[in-house]
Each structure stands twice: as C-alpha cells, then as structure tokens.
C-alpha cells in the first residue's frame with residue numbers, strides 16, 4: 026500500500042492506493058486543511074492527521090512531492106516545513122519515503138512533464154477507474170502514489186532481468202566474494 030502526499034502549508038493532499046500485480050486499486054483520498062493562523066500549529070495538524078492515516082491504513086511506503094524553487098522564498102520554506110511534518114509523521118513508524126518532482130509525476134501520469142492540474146485529475150480518474158475526479162490536492166497525491174507504484178514496478182523488473190542475466194556475478198557481488206566492482 027502506498028500513501029501519496031502533496032504537501033502544502035494550507036492544504037495537504039493525501040491518497041492511498043494498493044498495487045497488486047499489474048492492478049492498481051484506489052483506497053482513499055482527501056485533503057488536510059490547516060486553515061490560517063500561526064504556522065507551527067498548522068504543521069502540527071499535518072503531522073497529526075498523517076499519523077492518523079498511517080494508524081488507520083498501515084501503508085508500506087510513502088511517496089511525496091519534492092520541494093520546487095519558488096520566486097517567493099518564504100513559500101518555499103513553508104512548503105519544506107510542511108513536507109518535513111509529513112515525513113516525520115510516517116518515519117515514526119519507519120515507513121520508507123520516496124520523493125518525486127512535479128515534472129516526474131506529470132510525465133508518469135499524463136505523459137508530459139508540464140501538464141496542467143486538470144489533465145492530472147483526469148488521468149488519475151481514468152487510471153484508478155474512479156466515478157468522479159478527486160479534488161486537486163487529493164488528485165495530485167494520488168498521482169504521486171501512482172508515479173511511485175510505476176517507478177517501483179519498473180525498478181523491480183529491471184532488477185529481476187539483471188539477476189536472470191548475470192546470476193553468478195550478482196550472487197557473488199551480493200555475497201561479497203569478489204572484490205571487483207559489479208557493473209552491467
């Protein structure tokens with residue numbers, strides 16, 4: 026089970042999917058709204074709400090959007106802190122975290138790294154066979170989870186192929202019997 030997170034200081038999207046074989050299943054999505062006011066209590070809301078999601082669903086992994094450089098340094102710093110609250114919430118349970126840029130996610134889901142939000146929402150609806158489009162932040166979180174599921178699947182396939190192709194060399198390298206560096 027993968028928890029996708031689209032961090033934000035006012036709204037943080039989350040989405041849960043399960044990858045079984047070649048099938049992806051939608052479980053839940055939503056938006057954590059922190060409201061206005063002082064910033065530290067908003068971080069606490071993000072942390073607590075994500076911890077509640079982790080306690081309820083027990084995801085195996087989390088995928089989160091990387092920080093992008095903004096023209097407004099204050100916004101970039103707040104986004105980084107919101108990401109930190111989300112990452113800390115899952116690290117309490119030692120859940121592995123993977124990070125993807127917005128362009129990587131859009132490329133994986135829409136096929137274009139500069140797709141707009143409505144295109145991402147539409148493709149998430151199609152890929153997960155949903156009756157309606159999720160809200161923007163929740164759709165982005167689901168897209169991040171989908172990107173991770175596809176990336177992980179590709180990496181596992183490549184690893185399996187390389188192991189089949191060079192089994193003796195891989196096993197020797199893993200067991201440490203060779204001092205020579207293994208390369209493909």
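Residue numbers (the numbering used here): 26 to 209.
Glycine included, C-beta positions come from ideal geometry on N, C-alpha and C.
Given the structure is predicted, the values throughout are model-derived calculations rather than measurements.
Assumed close pair residue i, residue j - CB separation to whole angstroms, cut-off 8 Å
i	j	result
residue 26	residue 53	Incorrect: roughly 10 Å between the Cβ atoms, too far for contact.
residue 176	residue 107	Incorrect: roughly 23 Å between the Cβ atoms, too far for contact.
residue 49	residue 152	7 Å
residue 33	residue 102	About 13 Å separates the two Cβ atoms, so there is no contact after all.
residue 114	residue 76	5 Å
residue 174	residue 40	With a Cβ gap of about 11 Å, residue 174 and residue 40 do not count as contacting.
Limits of the alpha helix (DSSP H) - the one that residue i falls within
i	result
residue 214	Residue 214 falls outside the range modelled here, since the chain spans only 26 to 209, and no answer is possible.
residue 130	127-134
Residue range of the beta strand (DSSP E) that includes residue i
i	result
residue 45	36-45
residue 28	27-31
Under 8 Å between C-beta atoms of residue i and residue j
i	j	result
residue 28	residue 168	no
residue 129	residue 147	no
residue 127	residue 90	yes
residue 111	residue 30	yes
Complete runs of the alpha helix (DSSP H) confined to the stretch 54-97 [at least 4 residues]: 64-82
Stretch pair the stretch 158-176 + the stretch 47-65: three plus CB contacts closer than 8 Å: yes
The stretch 76-92 touching the stretch 117-137, judged by at least three CB pairs closer than 8 Å: yes
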